[in-house]
Amino acid sequence: MSTFDLNAAETGGGGGYENIPAGTVARAVLTIRPGGAGEDGWLKQANNGTLMLKTEWTITDGPYARRKVFHTFFMSEKAMPITMRALRAAIEGHHGIRPDDMSEAAQAKRRVSLGQLNGIEACVLIGVEKKPQEGRDPENEIT
176 MSTFDLNAAE TGGGGGYENI PAGTVARAVL TIRPGGAGED GWLKQANNGT
226 LMLKTEWTIT DGPYARRKVF HTFFMSEKAM PITMRALRAA IEGHHGIRPD
276 DMSEAAQAKR RVSLGQLNGI EACVLIGVEK KPQEGRDPEN EIT
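Residues 176 to 318 (this note's numbering) make up the sequence shown, in order.
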């Protein structure tokens, strides 16, 4: 196996990307990062027992194409209305359903399993987290 002399390489990790500006609207594909918990293993369970849906959104076009934004949806009782609102918007965007469309066909498309969310493409609004974890730089998030 070849060896690499990394002494001259720049320090730090990552790709050196700047955050995507807050307020950017982009098309993105949702990929669920399964955690082995919940029905069919799509969720991840935190140490405190909270279930989470860990997602990765890959931007499909424009100046940020192929960039990824990671987002966690919490499945707790308190967070569930926010999670459901965001996932509904993603499904409506994917299928081109107007939020006020209450036809049987639209309602049927809004009934999904977590696995059916994997691979959908929707329009997302990108933000920059306001309170990054201690010692970390702010990162992009789906708002």
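C-beta: ideal position from N, C-alpha, C; glycine also. As the structure is a prediction and not an experimental result, all values here were calculated from the model.
Endpoints, the beta strand (DSSP E) within which residue i is located
{"i": "K284", "result": "Element bounds for K284: not the beta strand (DSSP E) but the alpha helix (DSSP H), E279 to K284."}
{"i": "L292", "result": "From DSSP, L292 is part of no beta strand (DSSP E) but of the alpha helix (DSSP H) over L289 to L292."}
{"i": "N315", "result": "N315 to I317"}
{"i": "K243", "result": "K243 to F249"}
{"i": "I207", "result": "T199 to I207"}
Under 8 angstroms between C-beta atoms of residue i and residue j
{"i": "T318", "j": "L292", "result": "no"}
{"i": "F248", "j": "A261", "result": "yes"}
{"i": "A212", "j": "L205", "result": "no"}
{"i": "G302", "j": "A201", "result": "no"}
{"i": "L226", "j": "I207", "result": "no"}
{"i": "Y192", "j": "R242", "result": "yes"}
{"i": "W232", "j": "A254", "result": "no"}
Where residue i falls: helix, strand or coil (DSSP)
{"i": "G216", "result": "helix"}
{"i": "M227", "result": "strand"}
{"i": "I266", "result": "helix"}
{"i": "L300", "result": "strand"}
{"i": "R260", "result": "helix"}
Contact set for residue i: own chain, Cβ-Cβ below 8 angstroms, skip 5 residues either direction
{"i": "A265", "result": "L205, L292, I295, A297 and V299"}
{"i": "P313", "result": "N194, V303, E304, K305 and P307"}
Close beta carbons around residue i, own chain, < 6 angstroms, minus the five adjacent residues each side
{"i": "Q220", "result": "A212 and L226"}
Inter-residue spacing [alpha-carbon to alpha-carbon] between residue i and residue j
{"i": "E316", "j": "T230", "result": "11 angstroms"}
{"i": "A281", "j": "G224", "result": "34 angstroms"}
{"i": "T258", "j": "E185", "result": "39 angstroms"}
{"i": "Y239", "j": "E309", "result": "27 angstroms"}
{"i": "I272", "j": "T199", "result": "22 angstroms"}
{"i": "S177", "j": "A183", "result": "17 angstroms"}
{"i": "R170", "j": "E304", "result": "The structure shown has nothing for residue 170, since the chain only spans 176 to 318."}
{"i": "R285", "j": "E279", "result": "10 angstroms"}
{"i": "N222", "j": "V287", "result": "27 angstroms"}
{"i": "G290", "j": "G210", "result": "13 angstroms"}
Same chain only: Cβ atoms within 7 angstroms of residue i, ignoring 5 sequence neighbours per side
{"i": "E267", "result": "P274"}
{"i": "H246", "result": "T230, W232, E316 and I317"}
{"i": "T235", "result": "R202, A203, V204 and E296"}
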